[in-house]
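K.L.:
Protein chains in written order, with the numbering used here: chain S, 2 to 341; chain C, 2 to 219.
Every residue, glycine too, gets a C-beta built ideally from N, C-alpha and C.
Let me give you the structure first, and then I'll get to my questions.
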Amino acid sequence: MLPTATPMRKFLNDPGDAVRDSLVGLAAAHPGVLRYDAANGIVVRADGPVPGKVGVVSGGGSGCEPLHTGFVGPGMLDAAAPGQVFSSPVPDQILAATHAADTGAGVLHIVKNFTGEVMNFEMAAELAADDGVAVEAVVVNDDVAVLDRPGTAGRRGLGGTVLVEKIAGAAAERGQALDAVAAVARRVVARVRSFGVGLSSCTPPVAGRPIFTLPDGEIELGIGISGEPGRQRVPLRSARELAALMVDEVLTDLAPAPGAPVLAMLSGMGGTPSSELHLLYGELDRCLREAGVEPVRRLVGNFITSLEQSGAALTVLELDDELISLWDAPVHTSALRWGM
Amino acid sequence: MTDTIDSPALRAWLHEFARRVAENSDHLTALDSEIGDADHGSNMDRGMAAAAAAIDSDPGAEPGQLLKLVGRTLVSTVGGAAGPLYGTLFLRMAAAAGDAGPLDAAGFAKALHAGLDGVMVRGRAEVGDKTMVDALAPAVDALEGELAAGAALDVALAAATTAAAAGRDATADRVARKGRASYLGERSIGHQDPGSASATLLVEAAAATLGTAADGQA
């Protein structure tokens, strides 16, 4: 059944303009980092394109900020194409972002494995190829909550996308060629897994009401990043129990080498306070160590979200020296910045 | 010659589809909020409103050009999965219609079949995956079957509408294998697929505007 309409309390003008109005504000807040090209509906690096560098482009439905627009800047994305809330950008936008990033060295498309995003990026890549731009696409599918059976849409791209964007962005910034940038991005995809827990639904501005209702005392396991229900609805339990479950889901699927160094990212879904995220991270860090891996890099905060949904998702990437070096490389975006 | 589908007839169909999408926008979004992300109605409404405006701005367009205009507009305005899928449907129909001017009933059915094939390739979807194909494929089968048996276009489109609606209703019993609903696994059972609902509106709009019975309203 459709949830009962509740009053929507959001900072909005016309709900239909929410995406555009927010991007205007993003550009106003970070003028040295990025620029909003309203005519094409894309966000580009303020100092780009960088001559001779492989372009790194991503995009997806809005509502998951700071993904992807918050990761545009030196060391990460050259351009991002934001769609409507929870809806893929259209090929025109992706093509414009591709041209904005291309200086002749080719462009990497980082695509989350959602049916709409894959199709729109495919159509854009076909159009870019017609224009003579070399495009490689890497599809991120790190969500262990979805069974990856033949004939299905496969696993969603979740928090692993943030790590692919950072690491591929660093490789491109170092001057690596398109095939090498694509190869390191695929290596991250192969070694990263995520699992999300939802404590509430969320309200898309145009819909004006929550996507689903969650009875008191119940939570959703295995959520994505569009406010949709997860794989399973279960009674709420302690952070300690949830952390154990999240680590078990992720590590069982990833099967890292014993003692492996990992990057652990805990991303809030947008509506969970920092104190709760850190409370949960403390439990996760302990569980990861007990499970025999070592979180040598950590990231806790809101990096890939679902509007104001409460909840969090754990992403674990098994590292090696090259990936650590690319992760540590300088980055300057509105949502991630170090070393510069 | 009442079964001839010329530009005015195609315009009537496309406007009627836009009208039905607008009228059912909240319903489509409600279906999508149960197993998707609550935007199918608003996205399709935005796209078809833009497509209707685009064809109005080109009054001289031949059938093939009209269909191409609708396909391009949907690809550029809808986003999500529906944009590429409905866009591909109309672009493939346009390619099948070619520059030959008005279509006859068999030509229309052939174009719709080409559109369906395009959707299945773009979406990598088969019948039974709980998608728009579950409504469109039986509709195309019924349309072609009736026409081959000698039925008039209005009779064939009525049969296509019945088939589309039956296919749409049957999606409720299926586990989604494509699109966002597939992430729910078994939880998608019991909910009708929103894409099959909008695709049924497309067939219903054709039955309401094309063929002899529709002459009075067209």
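(1) Taking C-beta pairs closer than 7 Å, name the residues in chain S that residue 185 of chain C reaches, listed in chain order.
(2) In terms of residues, what are the limits of the alpha helix (DSSP H) holding residue 1 of chain C?
(3) Taking only beta-carbon positions, decide if residue 81 of chain C is within less than 9 Å of chain S.
(4) At 3 residues or longer, what runs of the beta strand (DSSP E) sit wholly inside the segment 96-138 of chain S?
(5) Nearest to residue 175 of chain C by CA position, among C/164, C/123, C/25, C/194, is which residue?
(6) With DSSP collapsed to three states, give me the class of residue 12 of chain C.
(7) Could you check what DSSP says for residue 32 of chain C in three-state terms: helix, strand or coil?
(8) So residue 21 of chain S contacts chain C; which residues on that side make the cut at Cβ distance below 7 Å?
(9) Quick one: is residue 77 of chain S buried, meaning 16 or more other Cβ sit within 10 Å of its Cβ, or exposed?
(10) Does residue 76 of chain C get closer than 9 Å to chain S when you measure Cβ to Cβ?
(11) Can you tell me whether residue 307 of chain S is helix, strand or coil according to DSSP?
(12) Out of curiosity, what's the CA-to-CA distance linking residue 123 of chain C and residue 290 of chain S?
(13) At what residues does the alpha helix (DSSP H) containing residue 150 of chain S begin and finish?
(14) What residues from chain C crowd round residue 212 of chain S, counting only those whose CB sits closer than 8 Å?
(15) Can you name the residues that DSSP bridges to residue 333 of chain S?
(16) Cβ atoms of residue 81 of chain S and residue 100 of chain S: under 9 Å apart, would you say?
(17) Compile a chain-ordered list of the residues in the segment 157-181 of chain S whose CB is closer than 9 Å to at least one CB of chain B.
(18) Say whether chain S places a C-beta atom closer than 9 Å to the C-beta of residue 93 of chain C.
(19) Specify the secondary structure class of residue 196 of chain S as computed by DSSP and reduced to three states.
(20) If you follow the beta strand (DSSP E) that residue 277 of chain S is in, where does it begin and where does it stop?
(21) Using 8 Å for Cβ pairs, my map puts residue 263 of chain S next to residue 297 of chain S. What's the rounded Cβ distance?
(22) Looking at the unbroken beta strand (DSSP E) that takes in residue 77 of chain S, where does it start and where does it end?
(23) Quick one: does the C-beta of residue 197 of chain C sit closer than 8 Å to a heavy atom of the ligand ATP?
(24) Run the CB neighbour count on residue 14 of chain S, radius 10 Å, all protein chains shown included, and call it buried at 16 or more, exposed below.
(25) The alpha helix (DSSP H) that contains residue 270 of chain S, what's its start and end?
(26) Throw me the rounded Cβ distance for the residue 193 of chain S and residue 164 of chain S pair, which I believe falls under 8 Å.
(27) In chain order, what residues of the same chain have a beta carbon less than 8 Å from the beta carbon of residue 50 of chain S, not counting five sequence neighbours either side?
(28) Who are residue 314 of chain S's beta bridge partners in DSSP?
(29) Cα separation between residue 244 of chain S and residue 281 of chain S?
(30) Relative to the alpha-carbon of residue 89 of chain C, which residue among S/113, S/120, S/276 has its alpha-carbon at the smallest distance?
(31) Under the rule that 16 or more other beta-carbon atoms within 10 Å means buried, what is residue 257 of chain S, buried or exposed?
(32) For residue 187 of chain C, which residues of its own chain have a beta-carbon under 7 Å away from its beta-carbon, when the five flanking residues on both sides are left out?
(33) With DSSP as the reference, identify every bridge partner of residue 300 of chain S, one or two as the case may be.
(34) I need the straight-line Cα distance from residue 295 of chain S to residue 267 of chain S, nearest angstrom please.
(35) I'd like to check one pair, residue 62 of chain C with residue 8 of chain C: are the Cβ atoms closer than 9 Å?
(36) So is residue 25 of chain S buried or exposed if we call it buried at 16+ other beta carbons inside 10 Å?
P.N.:
Result, derived from the coordinates:
(1) Under a criterion of Cβ atoms nearer than 7 Å, the residues of chain S adjacent to residue 185 of chain C are, in order, 230.
(2) Because chain C in this structure spans residues 2 to 219, residue 1 of chain C falls outside the shown range and cannot be described.
(3) Closer than 9 Å: yes.
(4) 108-113
(5) C/194
(6) DSSP, read as helix, strand or coil, puts residue 12 of chain C in helix.
(7) helix
(8) Under the 7 Å cutoff, chain C gives no residues; its nearest Cβ is about 14 Å from residue 21 of chain S.
(9) buried
(10) yes
(11) coil
(12) 44 Å
(13) Premise fails: residue 150 of chain S is in no alpha helix (DSSP H) and is neither H nor E.
(14) 34, 38, 39
(15) Paired residue(s): S/338.
(16) no
(17) Included in the structure are the protein chains S and C, with no chain B among them.
(18) no
(19) strand
(20) No beta strand (DSSP E) holds residue 277 of chain S; the alpha helix (DSSP H) holding it covers 275-291.
(21) 7 Å
(22) No beta strand (DSSP E) holds residue 77 of chain S; DSSP gives it neither H nor E.
(23) Judged by which ligands are present, the structure shown has none, so any question about the ligand ATP falls away.
(24) exposed
(25) In the DSSP annotation of this structure, residue 270 of chain S is not part of any alpha helix (DSSP H), being labelled neither H nor E.
(26) Correct: roughly 6 Å between the Cβ atoms.
(27) 56, 79, 101, 102, 103, 104
(28) S/197, S/268
(29) 7 Å
(30) S/120
(31) The residue in question, residue 257 of chain S, is buried, as its Cβ has 16 or more Cβ neighbours within 10 Å.
(32) 176
(33) Note: residue 300 of chain S sits in a beta bridge opposite S/266.
(34) 15 Å
(35) For residue 8 of chain C and residue 62 of chain C, yes; Cβs fall inside 9 Å.
(36) exposed
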